[in-house]
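Under this note's numbering, think of the first position of the sequence shown as 498, with each following residue one higher. Using N, Cα and C, we set each Cβ at its ideal position, and we do this for glycine too. Each remark here refers to the structure printed beneath this line.
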Amino acid sequence: MSNYVKRFSAFDRVVHWVLAVAFFVLVFSGLGLFAHTFFGYFDFFGGPEQGILAHKIAGIAFLITSVLLFLAHAKETCRFDGDDAKWFGAFGGYLKRGGKEIPQGKFNAGQKLFALFSFVATIALGLTGWVIWDPTAMERGLTQMSLMLHGLFFILFMMGAVVHIYLATIGNPGTADGMLWGYVKKVWAKKHASKWYKEVIGE
Ligand code: HEM
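In structure tokens:
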């Protein structure tokens with residue numbers, strides 16, 4: 498019997514990795530727009546004009562893939578139960594060594610929160626990005642407010658993404674396998690997503 502269990506379809510994985518690449522293009526092209534100190538980052542793209550174009554193209558790719566990823570997992574990420582409340586109460590067990598795992602579904606409560614945040618922040622970045630697409634096109638007050646909110650959501654997203662990437666790699670070894678190859682080890686599933694594991698193997 499195989500030691501692995503299927504976790505993500507090819508569609509899930511392609512959408513996630515296009516999203517991740519678009520995110521990094523957005524970060525590096527956006528830094529030049531964010532503050533003067535980072536103006537040099539435009540050199541990665543061949544200059545400010547090309548950097549802004551890359552930011553707009555990556556922004557559209559990010560918006561589409563982020564909404565698709567959210568819809569693909571919405572059934573699991575939008576439903577919270579008593580075990581999720583326990584998970585939040587114990588901070589996911591991350592502050593204590595060797596504690597008992599709290600049973601979780603396909604995604605733990607923290608991942609669900611990140612998925613919901615990602616969706617809301619994507620919509621906010623998309624709407625404000627649309628207003629500032631051409632900074633002279635709309636009313637000045639609205640453009641300034643949108644610029645401020647765009648920067649704020651960028652900072653929040655960066656913080657969320659750093660935590661997400663750490664927890665999906667070094668923090669919880671074996672997790673990245675699912676997004677890379679589509680399968681995770683059964684021992685990983687039993688430990689991190691025991692309720693989902695029981696469902697999948699039909700227990
Ligand atoms: C090198 C960068 C990244 C790595 C290694 C990574 C890794 C992963 C992995 C392994 C999963 C599946 C977790 C599981 O099976 O439980 C996942 C899910 C997900 N990722 Fe990423 N990711 C990266 C970048 C990003 C970025 C930049 C975003 C958003 C801007 C993102 C958004 C998501 C979302 C929304 C999910 C679905 C569920 C959740 O909230 O965990 N990822 N990622």
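| Contact set for G623: own chain, Cβ-Cβ below 6 Å, skip 5 residues either direction | L560
| Buried versus exposed, by CB contacts within 10 Å (16 or more), H513 | buried
| Can you tell which of L516, S643, G602 has its C-alpha closest to the C-alpha of K572? | G602
| field | Spatial distance of F505 from L530 (CA atoms) | value | So the two alpha carbons sit approximately 35 Å from each other.
| task | Indicate the three-state DSSP secondary structure (helix, strand or coil) for K683 in the structure shown. | result | helix
| request: Could you work out which residue in Y694, H533, F525, G556 is closest to G461 when comparing CA atoms only? | output: There is no way to answer for residue 461, as the model of the chain reaches only from 498 to 700.
| task | Identify which residue in R637, S615, W584 has its Cα closest to the Cα of M656. | result | S615
| field | At least 3 beta-carbon pairs within less than 8 Å: the stretch 680 to 699 vs the stretch 586 to 606 | value | yes
| query | Near A621, what residues of its chain come up, given a Cβ to Cβ distance below 6 Å and the 5 sequence neighbours on each side ignored? | reply | F650
| field | Nearest residue (CA-CA) to T619, options A658, D674, W678 | value | Per the Cα distances, A658.
| request: From the DSSP output, read off the bridge partner residues of V502. | output: V681
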